[in-house]
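In the working numbering, the protein residues as written are 6 to 291.
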Ligand SMILES: [Zn+2]
């Protein structure tokens, strides 16, 4: 019996190494910066769309439903900015949490602004952190009190227990009331959108989901979050990420790598209100 593997086995091993190398290069090699735009910056978009694919079995709102609501409520429901300027708005949901200070550090180091849709129950007791986020130039929005799926709930619960309660906390803690809200799971009824319109609030969904919430995609850590953005980046994107609701160190690391990558492609990081040209806060009642 030979001490060496048979020629077939060696060939098989060589093939395996080649496949692993290919996969590694794909996953670890930094991709080229975004290609230059082919559309003039101020050309209006024909429609608003989620660019990232739908995932089965995650109870997501069908992407065409999100696009449909944006089309039915122009200027009130947003998936993305209305034209083709090289602007991008990173948004972070479910905080503030343990990883939020590290994320603020990264954003400050890059002199980049972002938008946070925070939960009232997580904001309570974190006044210094919230004041720091404001001082750093970030925009704060309302993501309900404790993240229920609210579509079939009544006004008393929907407003008094969830959105209104969070508005009151923002007002008492920081002296401002957000005008931007993001419904948990992106799930909101047309009637609720109309009620928010009466209250002077706008619904901010997203056009690009990095899926940093999806544990199945995290085998390659922050690289998959980066890829989640890089493969679908587009002008005036609103990007969904998270600063709480689980360990978010990989999200923080991905943001650290993504900001220089985006800037190399000519993108400027802005808050959602800057992107849309709208007011982020209502004048708080005295
Ligand atoms: Zn959320």
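Just so you know, even glycine gets a beta-carbon here, dropped at the ideal spot from N, CA and C.
Residue state for residue 190 is assigned as helix, using DSSP reduced to three classes. With respect to the C-alpha of residue 55, the residue from 82, 147, 134, 251 having the closest C-alpha is 82. A residue is called buried when at least 16 other Cβ atoms come within 10 angstroms of its Cβ; residue 228 meets this threshold and is buried.
Buried is the label assigned to residue 238, since at least 16 other Cβ atoms lie within 10 Å of its Cβ. Distance from the CA of residue 96 to the CA of residue 256, rounded to the nearest whole angstrom, comes to 12 Å. Ranked by how close their Cα comes to the Cα of residue 167, the residues 179, 124, 138 have 124 in first place. If you look at residue 256, you'll find it in the alpha helix (DSSP H) that goes 254-269.
Remark: the shortest separation between the CB of residue 189 and any heavy atom of ligand 1 falls under 6 Å. Judged by beta-carbon spacing, residue 262 lies within the 7 Å limit of residue 231, meaning their Cβ atoms are closer than that value. Ranked by how close their Cα comes to the Cα of residue 42, the residues 201, 116, 91 have 91 in first place.
By the Cβ neighbour-count rule, residue 282 is exposed, with fewer than 16 other Cβ atoms within 10 Å of its own. Around the CB of residue 99, 16 or more other CB atoms lie within 10 Å, so the residue is classed as buried.
A check of alpha carbon separations from residue 203 across 184, 213, 217 identifies 184 as the nearest. Rounded to the nearest whole angstrom, the C-alpha separation of residue 145 and residue 16 is 57 Å. Here residue 106 carries a helix assignment [DSSP, helix/strand/coil]. Distances from the CB of residue 99 to the heavy atoms of ligand 1 include at least one below 6 Å. If you draw a 10 Å sphere on the C-beta of residue 244, you find 16 or more other C-beta atoms in it, and that means buried.
Contact check for residue 171 and residue 143: beta-carbon distance about 17 Å, past the 8 Å limit, so the pair fails to qualify.
Rounded to whole angstroms, the separation of the alpha carbons of residue 23 and residue 75 is 46 Å. Measuring C-alpha to C-alpha distances from residue 113 to each of 187, 260, 101, 68 identifies 260 as the nearest.
Annotation for residue 47: 88, 89, 90 place their beta carbon closer than 8 Å to its own, counting only its chain and skipping 5 residues before and after. Distance from residue 181 to residue 136 at the Cβ level is roughly 11 Å; contact not present, criterion being Cβ atoms closer than 8 Å.
Under the 10 Å beta carbon count, residue 94 is surrounded by 16 or more other beta carbons and is classified as buried. Counted as a single uninterrupted DSSP element, the alpha helix (DSSP H) harbouring residue 279 occupies residues 277-281.
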